[in-house]
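Peer 1: Taken in order, these protein sequences are the chains called C and S. Count along the first sequence starting at 1, add 96, and that's the number in the working numbering. Count along the second sequence starting at 1, add 96, and that's the number in the working numbering. Take this structure first; my questions come after.
Number of protein chains: 2
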Amino acid sequence: MEHLLLTGRTNERIKLCLAVRKTAKARRENGLFFLEGARLCADAAACGTVISLCLYTDRAAEKYPDRLETILACAAQAFRITPALSEYLSETQSPQGVFCLCEMRQTQTQIDPHGKYLALSFVQNPDNLGAVSRTAEALGIAGLIVENGCDIYNPKAQRAAMGSLLRLPIVQTQDLCALLADCRAKGMHVYASTPDSTAAKVTETDFSGGVVCVVGNEGNGVRDEILQSCDKVTIPMAGRAESFNAAAAASILLWEMVRGETS
Amino acid sequence: MEHLLLTGRTNERIKLCLAVRKTAKARRENGLFFLEGARLCADAAACGTVISLCLYTDRAAEKYPDRLETILACAAQAFRITPALSEYLSETQSPQGVFCLCEMRQTQTQIDPHGKYLALSFVQNPDNLGAVSRTAEALGIAGLIVENGCDIYNPKAQRAAMGSLLRLPIVQTQDLCALLADCRAKGMHVYASTPDSTAAKVTETDFSGGVVCVVGNEGNGVRDEILQSCDKVTIPMAGRAESFNAAAAASILLWEMVRGETS
Numbered sequence: 097m098e099h100l101l102l103t104g105r106t107n108e109r110i111k112l113c114l115a116v117r118k119t120a121k122a123r124r125e126n127g128l129f130f131l132e133g134a135r136l137c138a139d140a141a142a143c144g145t146v147i148s149l150c151l152y153t154d155r156a157a158e159k160y161p162d163r164l165e166t167i168l169a170c171a172a173q174a175f176r177i178t179p180a181l182s183e184y185l186s187e188t189q190s191p192q193g194v195f196c197l198c199e200m201r202q203t204q205t206q207i208d209p210h211g212k213y214l215a216l217s218f219v220q221n222p223d224n225l226g227a228v229s230r231t232a233e234a235l236g237i238a239g240l241i242v243e244n245g246c247d248i249y250n251p252k253a254q255r256a257a258m259g260s261l262l263r264l265p266i267v268q269t270q271d272l273c274a275l276l277a278d279c280r281a282k283g284m285h286v287y288a289s290t291p292d293s294t295a296a297k298v299t300e301t302d303f304s305g306g307v308v309c310v311v312g313n314e315g316n317g318v319r320d321e322i323l324q325s326c327d328k329v330t331i332p333m334a335g336r337a338e339s340f341n342a343a344a345a346a347s348i349l350l351w352e353m354v355r356g357e358t359s
Numbered sequence: 097m098e099h100l101l102l103t104g105r106t107n108e109r110i111k112l113c114l115a116v117r118k119t120a121k122a123r124r125e126n127g128l129f130f131l132e133g134a135r136l137c138a139d140a141a142a143c144g145t146v147i148s149l150c151l152y153t154d155r156a157a158e159k160y161p162d163r164l165e166t167i168l169a170c171a172a173q174a175f176r177i178t179p180a181l182s183e184y185l186s187e188t189q190s191p192q193g194v195f196c197l198c199e200m201r202q203t204q205t206q207i208d209p210h211g212k213y214l215a216l217s218f219v220q221n222p223d224n225l226g227a228v229s230r231t232a233e234a235l236g237i238a239g240l241i242v243e244n245g246c247d248i249y250n251p252k253a254q255r256a257a258m259g260s261l262l263r264l265p266i267v268q269t270q271d272l273c274a275l276l277a278d279c280r281a282k283g284m285h286v287y288a289s290t291p292d293s294t295a296a297k298v299t300e301t302d303f304s305g306g307v308v309c310v311v312g313n314e315g316n317g318v319r320d321e322i323l324q325s326c327d328k329v330t331i332p333m334a335g336r337a338e339s340f341n342a343a344a345a346a347s348i349l350l351w352e353m354v355r356g357e358t359s
């Protein structure tokens with residue numbers, strides 16, 4: 097079956113894609129998010145993401161037949177688009193010509209009291225969010241805990257995550273403080289990372305059993321309200337403390353959380 | 097003293113800045129690199145970078161008086177520029193209006209046989225290069241070893257590095273294989289990281305004394321020629337192996353290299 101060709105920017109579907117790509121508000125209001133790229137869209141389909149619309153160029157159909165087949169098998173609707181529309185929709189310099197509108201995932205509400213979780217307290221940078229989720233998945237972390245303000249469907253974060261934000265269990269919460277108190281009540285260790293060198297070193301911290309470790313914003317770190325209720329841990333540094341970026345610090349923390357189990 | 101105001105894009109200094117910002121070739125030919133941002137330029141001045149030209153807007157002079165003072169004290173030449181020229185020169189969305197042309201650093205030629213070094217085998221992504229250098233500096237690594245093709249003066253890498261590429265000792269080499277053989281001859285441990293799960297685990301690797309650890313390209317990893325001459329190490333993963341990005345893997349390796357000494 098040949099899909100219809102869309103050519104105009106004023107088409108309602110194109111307008112919806114662009115709106116959802118551009119703002120968190122449009123994503124929330126429509127319950128949809130926007131993905132770009134043959135590999136990322138195919139990975140989304142492969143892990144059960146509900147694809148409500150797929151748009152692709154004829155060139156993409158030639159170049160990525162297998163990936164497109166995976167995507168189209170899961171897509172409720174599909175249309176061909178012109179190269180000009182592909183350029184218009186794309187956020188990348190060399191668009192591959194494959195785009196999907198997907199339904200937001202059901203996030204988890206339950207936390208496994210024996211699992212290891214990373215909680216992100218307002219990590220704003222989408223590249224960092226994506227990088228952290230990749231590392232978390234690679235290391236076999238039980239899941240991410242994010243606050244409602246954290247935009248896991250930001251297209252940049254999704255691209256940097258290479259699908260891990262679609263596969264990792266994600267718990268969203270309006271009240272991180274209450275959720276952490278609940279974890280503590282269930283017997284989990286709850287830590288917050290800080291550059292404060294007087295805090296306990298990660299190398300001397302007990303990460304056995306169920307653990308939640310909170311990492312904060314680049315720049316401001318974990319906010320006081322949360323920091324005060326948690327045991328503080330720090331990555332001991334020999335060099336210039338300010339030189340740690342949020343994703344690097346999170347990588348090392350994630351590694352320390354699972355280090356004893358992988359070795 | 098009030099600096100002269102430059103207003104035109106055809107001014108030779110503006111043309112030089114743009115050329116040096118844009119291509120590695122222009123940087124090499126002029127022995128210069130381009131920095132943007134009040135903090136980054138002030139950090140460059142503070143660590144002894146030779147600043148041949150500073151350009152700033154009147155707005156920047158009001159907003160960043162202290163940083164500008166640090167920069168201007170070290171700048172051989174300085175000019176004011178219009179907001180339009182600042183937009184024209186900037187690679188960022190909200191330019192701060194502070195720009196410097198700096199002389200490339202003298203790179204190191206000596207390797208301390210008791211030091212810990214990270215060698216980058218064709219890490220192309222400038223954001224990764226910057227992130228890795230930040231982590232290396234934070235953890236007190238002795239230095240970075242880069243191949244000649246690695247563009248440490250790429251403006252994106254410099255921004256992501258937040259000055260660490262200007263402060264860290266950097267050894268540049270045309271022949272990484274020969275340099276690694278030389279390190280081995282001096283009694284250093286030389287490792288190459290690989291996703292190959294049959295390699296020795298980083299947790300079971302001897303990082304005491306002098307160490308060089310080679311990390312490779314995102315995607316291709318360390319090239320065979322080098323891999324074959326090195327002891328291989330791997331970060332054991334419980335999850336999806338392909339989900340590790342180069343900067344995250346380097347962060348964990350750097351951490352393991354110094355872990356015994358910081359704890």
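Just so it is clear, CB atoms sit at the ideal spot from N, CA and C, and this is done for glycine as well.
So is Arg280(S) in contact with chain C if we call contact Cβ pairs under 7 angstroms?
Peer 2: no
Peer 1: Taking the beta carbon of Thr153(C) as the centre, do at least 16 other beta carbons fall within 10 Å, making it buried, or is it exposed?
Peer 2: Looking at its Cβ environment, which holds 16 or more other Cβ atoms inside 10 Å, Thr153(C) is buried.
Peer 1: Which one or two residues does DSSP pair with Asp327(C) in a beta bridge?
Peer 2: Tyr287(C)
Peer 1: Are the Cβ atoms of Cys150(C) and Ile167(C) separated by less than 7 angstroms?
Peer 2: yes
Peer 1: For Leu112(S), which of helix, strand or coil comes out of DSSP?
Peer 2: helix
Peer 1: Ordered along the chain, which non-local residues of its own chain (more than five positions away) have a Cβ less than 7 angstroms from that of Asn316(C)?
Peer 2: none
Peer 1: Ile177(C) lies in the beta strand (DSSP E); which residues open and close that run?
Peer 2: 174–177
Peer 1: In chain S, which residues lie less than 7 angstroms from Gly335(C) when you measure between Cβ atoms?
Peer 2: Glu233, Ala234, Leu235, Gly236
Peer 1: Taking the runs of the alpha helix (DSSP H) that are 4 residues or longer, which of them lie wholly in the segment 245–306 of chain S?
Peer 2: Counting only runs that start and end inside the segment 245–306 of chain S, the alpha helix (DSSP H) elements of at least 4 residues fall at 251–257, 260–263, 272–281.
Peer 1: Should the segment 338–358 of chain C be regarded as contacting the segment 240–251 of chain S, the criterion being three or more beta carbon pairs within less than 8 angstroms?
Peer 2: no
Peer 1: Within 7 angstroms (strictly less), CB to CB, does Ala120(C) reach chain S?
Peer 2: no
Peer 1: Let me see if you follow: with CB-CB separation under 7 angstroms, is Arg230(S) close to chain C or not?
Peer 2: Interface residue, yes.
Peer 1: Whose Cβ in chain S lies nearer than 8 angstroms to the Cβ of Phe340(C)?
Peer 2: Ordered by position in chain S, the residues that pass the 8 angstroms Cβ test against Phe340(C) are Arg230, Thr231, Ala234.
Peer 1: Three-state secondary structure (DSSP) at Ala342(S)?
Peer 2: helix
Peer 1: DSSP three-state call for Asn221(C): helix, strand or coil?
Peer 2: coil
Peer 1: Along the beta strand (DSSP E) that carries Cys170(S), what are the first and last residues, could you check?
Peer 2: Premise fails: Cys170(S) lies in the alpha helix (DSSP H), 161–170, not in any beta strand (DSSP E).
Peer 1: What is the DSSP secondary structure of Ile348(S), reduced to helix, strand or coil?
Peer 2: helix
Peer 1: For the segment 102–122 of chain S against the segment 266–275 of chain S, do three or more pairs of beta-carbon atoms, one drawn from each stretch, fall closer than 8 angstroms, so that the two count as touching?
Peer 2: no
Peer 1: Along the segment 273–306 of chain C, what residues have a CB closer than 8 angstroms to any CB found in chain S?
Peer 2: Within the segment 273–306 of chain C, the qualifying residues are Lys297, Thr299, Glu300.
Peer 1: If the criterion is Cβ atoms closer than 7 angstroms, does the pair Leu197(S) and Phe303(S) meet it?
Peer 2: no
Peer 1: Going by Cα to Cα distance, which pick from Asp327(S), Glu321(S), Asn313(S) is closest to Ala345(S)?
Peer 2: Asn313(S)
Peer 1: I'd like to know if Ser347(C) contacts chain S, where contact means its C-beta is closer than 7 angstroms to some C-beta of that chain.
Peer 2: yes
Peer 1: Assign Asn316(C) to one of three DSSP states: helix, strand, or coil.
Peer 2: The DSSP-derived three-state label of Asn316(C) is coil.
Peer 1: Please go through the segment 176–243 of chain C and give each complete alpha helix (DSSP H) segment of 4 or more residues, from N-terminal end onward.
Peer 2: 179–185, 222–234
Peer 1: Closer than 7 angstroms by beta-carbon distance: list the chain S residues that pair up with Arg355(C), in chain order.
Peer 2: Thr299
Peer 1: Is the beta carbon of Ala138(S) sitting closer than 7 angstroms to the one on Arg163(S)?
Peer 2: Yes, these two residues count as a Cβ contact at 7 angstroms.
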